[in-house]
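So the structure is just underneath, and the comments pick up after that.
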Amino acid sequence: MEEYKVNVGGRIFHFSVDSLTRDSPNLLTEHLLSVSESQDENEIFFDRDPEVFEFIAKHLRGYNIFPLIKENLPVGWNLYNFIQCLTQDACFFKLKGLFTSIRPFYYFIESPTAIDIFSREEKMVFNLQKVDPTKLHIENDDIMHVVQGKHIKAEFFAGNLVWDLISDNNWEFKFINNWDNVMVKRISKEILPQADPNVEYYAGESGGAFFSIDDIEMNGNDVYEHTVERSFPLQQTNRPFSCVRIWLKKLVFSLRIPNDPDKPLIIVPVWGIGLTQIYHKSLKYAKFF
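FYI, the numbering for the sequence shown is 1 to 289, going by full-length UniProt numbering.
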């Protein structure tokens with residue numbers, strides 16, 4: 001049986017053809033199975049973390065690596081950072097099947113509860129239009145929900161949002177569906193009695209969210225970098241306030257209370273899918289690419 005060696009950060013992993021092609025096409029098959037016979041290359045080196053790749057190797061050999069729990073991680077890793085690195089390496093090695101397994105599709109079910117496949121932590125995932133704001137409260141600056149006396153993090157999903165990326169650290173969200181907008185205002189008013197009922201845009205926060213923008217999978221922190229070039233044509237018209245606008249078909253998010261009580265709630269995205277637009281605020285101009 002043909003054997004292939006993958007050197008990751010100085011550690012050798014041995015694979016059969018069946019393992020390499022289990023989640024293919026991928027970067028490994030591109031380098032190891034696409035070379036000419038005269039090259040006779042059965043080994044390749046990648047400067048990546050071998051502890052993270054160990055889980056990728058298990059995935060390629062057909063093992064179910066989920067749910068990920070802290071007790072099963074290499075020593076010194078916390079769960080959040082490991083998931084982030086595993087996601088980055090799933091993209092680096094072009095392992096679409098692994099990336100799909102990581103993405104929390106279960107957030108979009110109608111059930112009010114969901115189990116986090118990464119940590120087994122139960123959390124409430126609400127359809128925003130079915131929220132009862134009076135049953136929500138704040139703990140540690142996040143919206144929480146009480147179930148049988150236990151505080152559980154509440155996350156929400158909604159559709160049809162406008163997401164303006166004014167810069168790499170200045171984001172704004174707007175709900176297109178009027179009832180979604182009403183529900184966010186009710187939540188805001190319940191938690192911040194002085195909240196301005198006329199607020200239309202809600203500040204956004206970057207972080208470890210997963211997005212599929214224009215059918216390209218990316219981490220939340222990378223969205224602006226990957227889409228900013230789309231606003232260049234407007235910037236060159238010498239008109240101010242051009243930015244990248246994304247129409248989000250779906251978004252899972254949590255809500256955070258800002259330090260300044262005069263500001264609206266902050267949307268902390270978790271996962272979403274959407275399409276890029278360019279947008280010129282001064283002209284109220286939007287165009288799909």
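Note that the Cβ used here is the ideal one computed from N, Cα and C, for glycine as well.
Asked	Found
Within 8 Å, strictly: CB atoms of PHE211 and GLY220	yes
Unbroken alpha helix (DSSP H) run spanning SER16, endpoints	Here SER16 belongs to no alpha helix (DSSP H), and DSSP marks it neither H nor E.
Short Cβ contact (8 Å threshold) for ARG66 with LEU73	Reading the sequence as shown, one finds Phe at residue 66 and not Arg. No, the Cβ-Cβ distance between PHE66 and LEU73 is not below 8 Å.
Local Cβ density within 10 Å of ASP23, reported as buried at 16 or more and exposed below that	buried
Reduced DSSP secondary structure (H/G/I, E/B, other) of TRP179	helix
Whole-angstrom distance between LYS249 and GLU229, CA atom to CA atom	22 Å
Short Cβ contact (8 Å threshold) for VAL162 with ILE143	no
Local Cβ density within 10 Å of ASN64, reported as buried at 16 or more and exposed below that	exposed
According to DSSP, residues forming a beta bridge with LYS5	HIS14 and GLU43
Candidates LYS70, ILE56, GLY76 and CYS243: closest to GLY97 by CA position	ILE56
Cβ distance (whole Å) where TYR86 is taken to contact VAL52 below 8 Å	Looking at the sequence shown, residue 86 is not Tyr but Leu. About 6 Å separates the two Cβ atoms, so the contact holds.
Buried versus exposed, by CB contacts within 10 Å (16 or more), PRO193	exposed
Backbone CA spacing between PHE93 and LEU28 [nearest angstrom]	7 Å
Distance between LEU165 and THR134 (C-alpha atoms, nearest Å)	32 Å
Span separating the alpha-carbon of VAL252 from that of VAL8	34 Å
Sub-8 Å separation of TYR202 and ILE267 beta-carbons	yes
Exposed unless 16 or more other CB atoms sit within 10 angstroms - verdict on TYR80	exposed
Buried/exposed call for ASP168, threshold 16 Cβ in 10 Å	exposed
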